[in-house]
Structure formats: C-alpha cells, structure tokens
Amino acid sequence: MDYSKTLNLPDTEFPMRGNLPQREPEMLKHWEEINIYQKRRQQASGKPQFILHDGPPYANGNIHMGHALNKVLKDIIMKYKSLQGFDTPYVPGWDTHGLPIEHAAIKILGLNRHELDALALRKECKDYALKYVDIQREDFKRLGVQADWDHPYVTLQPEYEAKQIEVFGEMAKKGHIYKGLKTVYWCTSCETALAEAEIEYAEKKSHAIFVKFPLIDAKNNLPSGVDASKVYAVIWTTTPWTLPANVAIAVSPEFEYSWVQVNEEVYLMASGLIESVMKQCKIEDEYKVLAKIKGADLAGMVFAHPFIDRQSPVVTADYVTLEQGSGCVHTAPGHGQDDFETGMRCKLPIISPVDASGKFTSEAGKYEGMLVHDANVPIIKDLAASGKLLGNGSIRHQYAHCWRCKNPIIYRATEQWFASVDGFRDAALKAIEDVKWIPAWGENRIHNMVADRHDWCISRQRVWGMPIPIMYCKKCNEHIINDDTIHAIKDLFKKEGSNAWWAKTAEEILPEGFVCPKCGHNHFRKESDIMDVWFDSGSSHASVLEQREGLAWPADLYLEGSDQHRGWFQSSLLTSVATRGKAPYKAVLTHGFVVDGDGRKMSKSIGNVVAPKDIISKFGADILRLWVASADYQADIRLSQDILKQMSEVYRKIRNTFRYILGNTNGFDPNKDKVAYAELKDLDKWALLRLEQVRETVTEAYENYEFHVVYHTIHNFCTVDLSSIYLDILKDRLYTSLPNSLERRAAQTTMYEILKTLVKMISPILTFTSEEVWKYMQKETGMPDSVQLASWPKAQTEYLNAELEQKWSNVLAMRGELTKALEIARRNKVIGHPLDAKLNIYADGVTYSELMNIKEALPSILIVSQVNVIEGTDKALGESVYKNPEKEIAVEVTLAEGDKCERCWIYDDSVGADTEHPTLCKRCAEVVKQL
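So this is what it looks like as structure tokens:
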C-alpha cells in the first residue's frame, strides 16, 4: 500500500511563483471591469471620510521613482483607511501649466517663442500636457494605485481655472496683491521672474575682484597731508557685470575703517580686513595705516564710479560683514535684495540696465547688447586698463540657480506682481501651529520659511499659464481689479477656459458698459504676465476640495516630498490663510528622496537612475510596493538591484507562508469546521496570541504611518513565529491525523484565522498578491469578493493570555537550546534527520519542572521521535553531552529506539505490532483503518 496517499498533504492551486509582471496586469483588468474603486466608495457611503488631497505631479515626461514612492505611500494609506471603514475618495491631480511644458512645445514647433502666436503656442502646450497626463496615469495605475482615474483634477480645466481666479480676487480684495518695483530672482534662460521656491543652490566658480573707486568728496575725513586725487575706496565683488548698475558704497556703521597707504595711493577699507586684502591683491610692498575712522563717520562721502560718469556716495548698512571682501560693499539696488532695500532707504536711483534675456541695455554704455555673464571679462580688462583693478581672483561658492533649467540666475529690479505675505504672516504662523506635522521637524522648517518671507513674487513673463486677471485703463493707466472684473473673468473662464484672455479684447471680457473707476474711460488693456505655477497648484484646495462633489475642506492629509515645505505645502497654506484664515490641511506628512545604494542622488550623468517601469517589468509592482513599505521613508530611501533582490526574497517568504496555509486549509470549510477557542491546543492558542500581538503592532504602525514597522513585524511573524515555530511543529498533526479529527481541525481553525487576518494586514502594501490570496482562500459567509472590500481585523482580546505567553516564552527558549544540541549531533553524524533522534534531557530546578509539565508534547515541539526528561544535570556524563549551566540543562542526543514508521517517519516501538499494517506505528495504523 502507498501510505503517502493516506497523508493530508498541502493542496492548493495558488502558484508557488508570483510571476508578478505577467499576473498583475490581469488583476488590473479585473479591477477595472468590476470598478473596484467605485465599489469601495459605494460600500462606505455615509461613513466618515478620510480625505488625502493629491499634490499634483507635473505633466512632463514619464514617472520616476520619486513619483512611484509618493503614489504608493498614498495608496497604502487610503487602502488601510478603507479597511478601517472610512469613505476614501482619492482624486488624482496634475499640474499642467508652466515653463518646462512651454519650452517643450516651442521645441516641437521649432520656432522662436517671440514669433509665436500666443493661442497657437497655448494649444501645443495643452496637447503636450494632456499627452503626459495620460502616460503618467497609466504608469500610476500599473503600480496598483486605486483612484478616480477617469475624473482627475487638471489645473488647465476651466472649472479649476475659474476657482483660481476667485482665490486671486479674494486675495486682491483683502489688499494682499500689489504691483511694485523690486529686485527679484530672474532667469535669463527662461526669461522670467522666479519665486524663492523656484531657486536651488549649487556650487559656482565666480570672479572675485577688488576695484578702486576714486574719491570726489571726503567730507573732511581724510588724514592731513593726503593728496585727495590719490585716494580710493576699495570694493570687492563676485559679479563684475553688476558694476554698471553701481550707485553707492555701503559700510558698516559699527566697524572701524582705515586709510591705508600703498606707495603713493591711499585706500579705504575695513581695519579687520587689511591683511586679507593685501594678500589677495598680491601687494608685496609695505603698506602703512595713516588713520582710522568709524564706519558711521564715513556716511556722506562721495566717490566716483570707476568707468561711468556717475557718483557713488557712501551709505551705511547692517549687512556688511568682515567675513570676506574689503568691508566696502559695492551697492547696485537693481541687482540685489539687500542693495534694493538700501537703495529705497537712502533714496538711491534704481538702475537695472539688463533686459529680460540677460543682455545689457543702452544704460550700460559700451557693454550694450552683451550677455551679462559674457561681460565679466571685458569689464575686468577695462578696469585693469584704466588702473582701477586692485586685485583679480576667483571663488567657488554656493550660488542661486533656476530649478527648471539649472542655469545661474541674476537679480533684476523689475515691476512685478506680489502677494504680500507680511499682510497675513502672523495668521499663517498660527495656522502652522494648528497642523500635525509628520515628522515633527516639518513644523519648524515651514515656520522659519514663512517667518522670513515678506513677499511672494507671483508674476511670470510667459504665455503658458493662468493670466493675472488685471486690466489697465488706457487713458490713466490705473490697474483695475474689483468684484465686477473678477466675476466677469471667472464666469468667462468657467465657460471657455483661460484661452479667452488671449482670444478676446479687454472690452469683450469686461462687463458691458464697464468704465474705469478712476477716470471713467472705457478702453482697457490686459495684463500680459501669467501667474506663478505655485499659485495654480496652491489653489487646488479651493478648486478641488471645495468644488468636487464627495470631497471636503480642509483635507485630513497632504503627503509629499520634504522639498514641498517651500513649495506646495507653503503655497497652499498662503492662499488658504489669505482667503480663509486657516490651513487647508489637518496633517502634513513628508517623505525623503530616492537615492542609490550608496546614498547618492539619482542622476543621468552618474548613470544610477532606476525607472519604475524597469523594476515592474523585472520584479513586479508588488516588489516595488514592498520596497516602499520596507524603508523609513522620512529619511532618504536607498534603492539598488541588491536591495530589490532582498525584497524579492522577503516577498518569496511571505508568499510561501500564504501558500503553505492555503494548501493546509484546503477542504476546511470555515462555516462548519471551525473549532471553538476553548478546544484549541496550547500551541494553537499561542499562535493566536502572537497573531493578536502582531495585529496590535501593525494597526498602530499604520495609524502612525510607520510602514517599515508593518513590514518588519509581518516579515518576522511569517519567518519566525510561523515558519520556524508554529507551522514547523504543526506538520505532523496536519499531515498524519484523521482529516476531520479535532486536533487537525483545531490547527486548521488557527491557520485560517492567521490567513484571514494576515491577508488583510498586508493588503495595503502587497495589493496584487493579497487579492490573489483572497481569490484562493476558503470564504466565510458574508465575506466580500475582494480583499479591498473587507474590514480591518477586529481586536481579539481573548487571545491575549499573560500566563500562556510566559509559558511559551520559556518553552521556546528551551527549544532554542535543545535545537543547538540536535544541530551538533547532526554535524557529528550521530543523526541525519531530527526524527532519527532520541533526546535525554537532564535538568535542574524550575527548568526540570517546566519540562515535566510539557513532557508529552516535547517530541512534537522538538520534531524528534523520543524525549526522556531526567532530573539532575550531574547525571549527564557522556562526552557527547551538550551542556548549558546557565539554563540548568544538559542534552544527550542518541539514535531513536524502535523502527521508523513508513507513514509518519517517527521511530516507535509499536512499529510491526499491527499485522495488517506492519510498517506503521500504532497511531498511524489506527488512522489508516478509519480512512
């Protein structure tokens, strides 16, 4: 007789191999067919909502790992909240205006942007943006992310644009919008102003020169006997191209300055920097300090511009330092924020002889037409030729760059539109305090950024974007924005979209009969600037949360990368506080950036970029999702092929755990075969105790958004508690008992509870695999068709038993020791398989008592044939005895007595006693007879 056919061996169609790259698309198709997202929403109708508002990715190019990380984190949260019974509407969004798209469209059209018709360019931009909305949407779906994909919010949608106009109008009505001449960040490549949030700092090599400004009027400050025609103020600059805009020299009122004689010339500089200046200017001749003077006393002195017929008076400023330079600061209000403020305070002329493309205008004299950065060397040469160059060197320093084109920016004084953060900063800082920031340091970060911000430059000199909705009277040039104009523009955009601004005249846009409130004239021109794209996305809380049916304001959560404290988190906060008095979110969660295995930023030049598509095609989306969950994402997250292979191995262990349980619960009907908790064996109760502890830990981790804790807890539960202990010990009971016996049904009941709970707990992360498991598992009456429609596992406090926990903690500690003895015996070839062994365990004291309490269960716990417990470790005398004095235990491993049962492989004296089944032990013979 073939006794292997009498065993209850695992049987399941659940595949051993995940084959995720092929299987996942089939599941996506199934979810789409049954519209799982809408089913989730319908099932939760009327329940409390959890609103996670999606920060819109930019519709330009394929998704990268940062996108994948962000969307998977959001999906994990929403799927967990759904299991917890919340209604979880998730509306994905896209940011579709702005410079990169405009650049791409111009490239496609192959024309100079200044020659392009605005509407033709905008059409190309719109088509380009919507193409990438579709491409990115499919990529996000492939990750297993569930959302209202058919109805996303897109910042170019007419209803979105109309609401944005309303937000702008509200801010203007409250006095927060103004136009002013200011020095702003300016990108000459992109030909537009930039906001602080659009600036990145990178190392740059710059010229560093010392320039002599001849004295005109000393105001009686010169030392006696000095020839005034030989006196110079020495300034230092790293931007020689800004010298044509110089109108003053700034000194610190608190510092001491010196008149320093070198040969026949006398130089003015800070006393604390004399030695540094001499060294950098390579002045080897002896120098002499003729006199010293307080910086405050220098105010009012006048020097001459080194190459333009213009005076440069001395003014005082508190930002002058002794860190570098000469202590005399070249001041060009048209090209620097501090300089601009000094210029306004001291009523200096604001000269900015540079056009939008970074070329000098006629105000720069002989340098007209030159690109500013190209003018550095000619200016230095001219200074040297005229004897005004005292020193010439270079410096490597952190310099502002445009975050879009990555080129160095300049500072340029122009008329721009601003949102005055000063007008509502205190309210914004208070709103920040009312938000939960995760991690907590996020609060300080955004608080400091807002506290230091005075204005937000919101105008951009481009075409692809939302127009600044302001009209100008052609007669008196008054700018006009009021309720009438805003309502008219808003209603028009809602019907026709923002293209109407370019397609219609000002008179066609404004209400019929509208006249200038100042002079009564009825002809107008439109503002040509567009809004900063951060104003677009920063209005999403109003355009989406307030307008979209089924959503609510404020959001429960915003979740984006940590760079968004200066970006979307802040622009959303500012527009919300300015118009509604509070933050648009209750909590803000941030994640780090994806870096390679060595911690380096991913870049094409290094060649370490990993695309989500490549990972999915090789490993599957669930492996990528498992990687997202595995890392503490609040710091930067490492990614490499080795890390992905580790994730694949962890995935394999989790999948095999599911497969083993599915195979061993085959034929188990949970509706009629379940065993009551009181009838379970101690080992089963311990497994359920561990399950409840895991459920508690995992639930708390999900609530705290600590998905790496979920990952480690479930991984350890599968590999240690289940595979190495419970399921390992259980095999004999499962395989050899009568199929319907109480002990086997008890084991199946326990495994089913573990399966049902585990699949729900892992489902927000392994979204495809959990659905596959759900498909193959036996169902209780009332269970839904999809794990995504299930409920989170309820607390089972009856499983928690401190006495049982302590008992099994001790048992498993002893099991660990006894297993060491078995391993030594196997290495020494005393035994081949653990079932070949008989253990003589010698123990003292409490250990002996504990062992005697579980003596009958020891063979199955240790997976050996026989165990003998003997009091007194002093009786263990053989050389092969394994001893551990600390544990009051000694073990002797010998070959088991009796013959090996053909069915269960356990050695037993009863083998051969049954004439009908002479190769079976007594237990197996009785089972076989009943089959």
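Under the working numbering, the letters of the sequence shown match residues 36 to 966, in that order. Beta carbons are placed, not taken as given, at the ideal position from N, Cα and C, and that holds for glycine.
Span of the alpha helix (DSSP H) around residue i
i: histidine 186; result: Segment: none, histidine 186 is in no alpha helix (DSSP H) and carries neither H nor E.
i: asparagine 479; result: 476-486
i: leucine 726; result: 717-738
i: glycine 378; result: 372-380
i: valine 794; result: 777-797
i: glutamine 522; result: The displayed chain sequence assigns histidine, not glutamine, to residue 522. Looking at the DSSP string, the run of the alpha helix (DSSP H) that includes histidine 522 is 518-531.
i: phenylalanine 559; result: Not the alpha helix (DSSP H): phenylalanine 559 falls in the beta strand (DSSP E), residues 559-561.
Bridge-paired residues (DSSP) for residue i
i: glycine 596; result: His626
i: alanine 494; result: At residue 494 the sequence reads serine, which differs from the alanine that was named. Met566.
i: serine 241; result: Ile430
i: glutamine 84; result: Asp122
i: tryptophan 472; result: Val623
i: methionine 304; result: Ser293
i: cysteine 222; result: Thr227
i: serine 455; result: Asp490
i: alanine 664; result: Bridge partners of alanine 664: none, in fact.
Minimum C-alpha distance to residue i - residue among the options
i: glycine 30; options: Tyr740, Gly655, Ala230, Ile672; result: This structure gives no information on residue 30, because the portion of the chain shown stretches from 36 to 966.
i: glutamate 595; options: Pro91, Ala722, His65; result: Pro91
i: aspartate 262; options: Pro279, Val295, Leu773, Thr274; result: Val295
i: leucine 87; options: Thr272, Ala182, Ile212, Ile444; result: Ala182
i: alanine 587; options: Phe85, Val904, Glu159; result: Phe85
i: glycine 378; options: Lys441, Gln831, Ala352, Pro388; result: Ala352
i: aspartate 564; options: Pro504, Ser575, Lys525; result: Pro504
i: histidine 370; options: Lys648, Val349, Gly393, Glu150; result: Gly393
i: leucine 464; options: Ser429, Ser347, Gln681, Val485; result: Val485
i: glycine 642; options: Asp631, Pro124, Gly655, Ala825; result: Asp631
Reduced DSSP category for residue i - H, G, I as helix; E, B as strand; rest coil
i: threonine 929; result: strand
i: tyrosine 115; result: helix
i: phenylalanine 654; result: coil
i: leucine 325; result: strand
i: serine 895; result: helix
i: arginine 76; result: helix
i: histidine 138; result: helix
i: asparagine 919; result: strand
i: glutamate 450; result: strand
i: proline 60; result: helix
i: proline 819; result: coil
i: tyrosine 942; result: strand
i: phenylalanine 752; result: helix
i: histidine 149; result: helix
i: proline 275; result: helix
i: threonine 954; result: coil
i: arginine 673; result: strand
Residue j beta carbon less than 8 Å from that of residue i
i: threonine 131; j: threonine 190; result: yes
i: arginine 497; j: alanine 232; result: no
i: methionine 206; j: threonine 614; result: yes
i: valine 312; j: phenylalanine 248; result: no
i: proline 828; j: methionine 796; result: yes
i: cysteine 222; j: isoleucine 444; result: yes
i: leucine 905; j: isoleucine 866; result: The displayed chain sequence assigns isoleucine, not leucine, to residue 905. Contact: no.
i: aspartate 89; j: proline 127; result: yes
i: leucine 108; j: valine 663; result: yes
i: leucine 624; j: isoleucine 760; result: no
i: isoleucine 764; j: glutamate 852; result: no
i: lysine 314; j: histidine 432; result: no
i: isoleucine 467; j: glutamate 478; result: yes
i: tyrosine 292; j: glycine 360; result: no
i: alanine 391; j: lysine 217; result: no
Unbroken beta strand (DSSP E) run spanning residue i, endpoints
i: glutamine 901; result: 901-906
i: serine 429; result: 424-437
i: tryptophan 809; result: Per DSSP, tryptophan 809 belongs to no beta strand (DSSP E); it is in the alpha helix (DSSP H), 802-811.
i: tyrosine 507; result: 506-508
i: glutamine 346; result: 346-351
i: asparagine 875; result: 872-878
i: isoleucine 270; result: 266-272
Any non-hydrogen atom of the ligand HEM closer than 7 Å to residue i Cβ
i: phenylalanine 654; result: The model on display carries no ligand, and the ligand HEM is accordingly not part of it.
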